[in-house]
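Asks: Using UniProt numbering, read the sequence shown as starting at 1 and increasing by one per residue.
Let me give you the structure first, and then I'll get to my questions.
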Amino acid sequence: MPTPTDAKPAMPVIEFRDVEKQFDTKTVLKELNFTIERGERVTLIGPSGSGKTTILRLVMTLEGLTDGYIYIDGAPLVYEQRDGKRVPVSKRQQKLLTTRIGMVFQQFNLFPNMTVLENIIEAPIHVLGINKRDAIDRAHQLLEKVGLPDKTDAHPTALSGGQQQRVAIARALAMDPEILLLDEVTSALDPEVVVDVLQVLRDVAATTDVTMLIVTHEMSFARDVSHRVMMLDGGKIIESADPETIFTNPAKERTKKFLAAVLRDA
Ligand SMILES: Nc1ncnc2c1ncn2[C@@H]1O[C@H](COP(=O)(O)OP(=O)(O)OP(=O)(O)O)[C@@H](O)[C@H]1O
Ligand SMILES: [Mg+2]
């Protein structure tokens with residue numbers, strides 16, 4: 001919490017300012033404004049098509065931004081204002097910022113032609129310039145952390161979905177990200193391995209101060225690890241509160257209905 005002696009409040013680690021996203025002529029996000037503080041873990045919930053994945057993909061710069069601004073640690077990620085005009089930031093600046101952001105996808109997205117170890121050390125060596133020996137040491141530590149110390153030389157195809165997802169988490173952590181984006185990382189998994197993957201993420205939440213923006217239908221996980229839950233509907237945040245409030249006493253009828261449906265299906 002800020003103290004009265006703090007000269008300047010810290011910049012939010014992520015800020016969306018008047019963000020708009022269209023696909024062709026369809027407006028998916030409109031006038032979207034929110035901030036996420038350093039170390040905060042925020043879960044996005046909301047019906048299918050409400051724009052959750054789009055928000056994460058915008059932060060990862062996997063989608064173009066139709067209007068508005070996104071800031072990472074106060075620095076513009078896609079467009080900036082210069083002389084009253086909205087102009088794209090340099091590729092170099094964008095790359096510097098995205099290097100601090102890691103994403104884990106529903107479908108793992110490991111490189112199929114590389115071993116587990118190669119998957120993990122690739123970006124640290126080629127993007128961060130870490131020397132190979134150090135990258136390998138760190139990869140071993142991370143594989144230990146995600147419970148797969150003996151899978152170093154396996155290829156992704158030889159692993160179960162749950163194992164592949166734990167490798168994908170290790171790969172993201174190997175970049176030592178400030179921000180970790182998680183998009184339904186357990187949705188493609190058999191129910192019995194979901195708990196292993198969630199345990200790894202609970203451990204990451206408990207042992208690091210990485211900022212997390214999470215999309216999940218695992219409501220008990222969301223409740224346990226999130227500082228805040230944002231309910232999205234039709235590309236707008238209709239409610240944002242601590243998990244206790246959202247899950248026990250949401251302000252909006254829409255949130256209540258959504259949660260009732262999700263919890264009924266669970
Ligand atoms: N590449 C694309 N081209 C056209 N429309 C898209 C594209 N990606 C997403 N959309 C549309 O944008 C809207 C938001 O999609 P998004 O994937 O962000 O939703 P979501 O909240 O993640 O949904 P889900 O819970 O089903 O994953 C949807 O209407 C979707 O059809
Ligand atoms: Mg989605």
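Each residue gets a CB set at the ideal place from its N, CA and C atoms; glycine is no exception.
Beta-carbon within less than 8 angstroms of Ser-240's beta-carbon, same chain only, minus the 5 sequence neighbours each way: which residues are those?
Replies: Locating residue 240 in the sequence shown gives position 240, counting from the first residue. Once the five neighbours on either side are set aside, the close Cβ partners of Ser-240 are Phe-34, Arg-228, Val-229, Met-230, Met-231.
Asks: Counting only the same chain and skipping the five closest in sequence on each side, list residues whose C-beta sits under 6 angstroms from that of Asp-203.
Replies: As a position in the sequence shown, residue 203 is number 203, starting the count at 1. Closer than 6 angstroms at Cβ, skipping near neighbours: no residue.
Asks: Just how far apart, CA to CA, sit His-126 and Arg-166?
Replies: For this step, residue 126 is matched to residue 126 along the sequence shown. For this step, residue 166 is matched to residue 166 along the sequence shown. If you take the alpha carbons of His-126 and Arg-166, they lie about 22 angstroms apart.
Asks: Exposed or buried, which one is Pro-243 when buried takes at least 16 other CB atoms within 10 Å?
Replies: By one-based count along the sequence shown, residue 243 stands at place 243. With 16 or more other Cβ atoms within 10 Å, it is buried.
Asks: Does DSSP put Arg-100 in a helix, a strand or coil?
Replies: The count along the sequence shown starts at 1 and reaches residue 100 at position 100. Three-state DSSP puts Arg-100 in coil, outside helix and strand.
Asks: Within the continuous alpha helix (DSSP H) that includes Ile-70, where are the two ends?
Replies: Reading the sequence shown from its first residue, position 70 is the one you call residue 70. In the DSSP assignment, Ile-70 falls outside any alpha helix (DSSP H) and lies within the beta strand (DSSP E) extending over 67-72.
Asks: What is the rounded straight-line gap between the Cα of Pro-134 and the Cα of Asp-209?
Replies: Locating residue 134 in the sequence shown gives position 134, where the first residue counts as 1. Locating residue 209 in the sequence shown gives position 209, where the first residue counts as 1. Looking at the sequence shown, residue 134 is not Pro but Asp. Taking the straight line from one Cα to the other gives about 22 angstroms.
Asks: Just to confirm my understanding: we take Leu-117, look at its own chain, exclude 5 residues before and 5 after, and list those with CB closer than 6 angstroms. What are they?
Replies: Within the sequence shown, residue 117 is the residue found at index 117, counting from 1. Correct list, in chain order: Ala-139, Thr-152.
Asks: In angstroms, rounded to a whole number, what distance separates the CA positions of Pro-47 and Tyr-71?
Replies: Within the sequence shown, numbered from 1, the residue matching residue 47 stands at position 47. Within the sequence shown, numbered from 1, the residue matching residue 71 stands at position 71. So the two alpha carbons sit approximately 26 angstroms from each other.
Asks: What whole-angstrom Cβ distance do Gln-163 and Leu-148 have, given they're in contact under 8 angstroms?
Replies: Within the sequence shown, the letter at position 163 stands for residue 163. Within the sequence shown, the letter at position 148 stands for residue 148. That pair is a contact at about 6 angstroms.
Asks: Can you grab the Cα-Cα spacing for the pair Arg-17 / Glu-192, in whole Å?
Replies: The residue given as residue 17 occupies position 17 in the sequence shown. The residue given as residue 192 occupies position 192 in the sequence shown. Straight-line Cα distance between these residues: approximately 40 angstroms.
Asks: Just checking my contact of Lys-21 with Leu-44 at CB under 8 angstroms: how many whole Å lie between their CB atoms?
Replies: On the sequence shown, position 21 is the one that residue 21 refers to. On the sequence shown, position 44 is the one that residue 44 refers to. With a Cβ gap of about 14 angstroms, Lys-21 and Leu-44 do not count as contacting.
Asks: So for Ala-123, helix, strand or coil by DSSP?
Replies: Position 123 of the sequence shown holds residue 123. Note: Ala-123 maps to helix in three-state DSSP.
Asks: Taking 8 angstroms as the threshold (C-beta atoms), are Val-13 and Ile-36 in contact?
Replies: The sequence position of residue 36 within the sequence shown is 36, counting from 1. The sequence position of residue 13 within the sequence shown is 13, counting from 1. It is a contact, given that the beta carbons lie within the stated cut-off.
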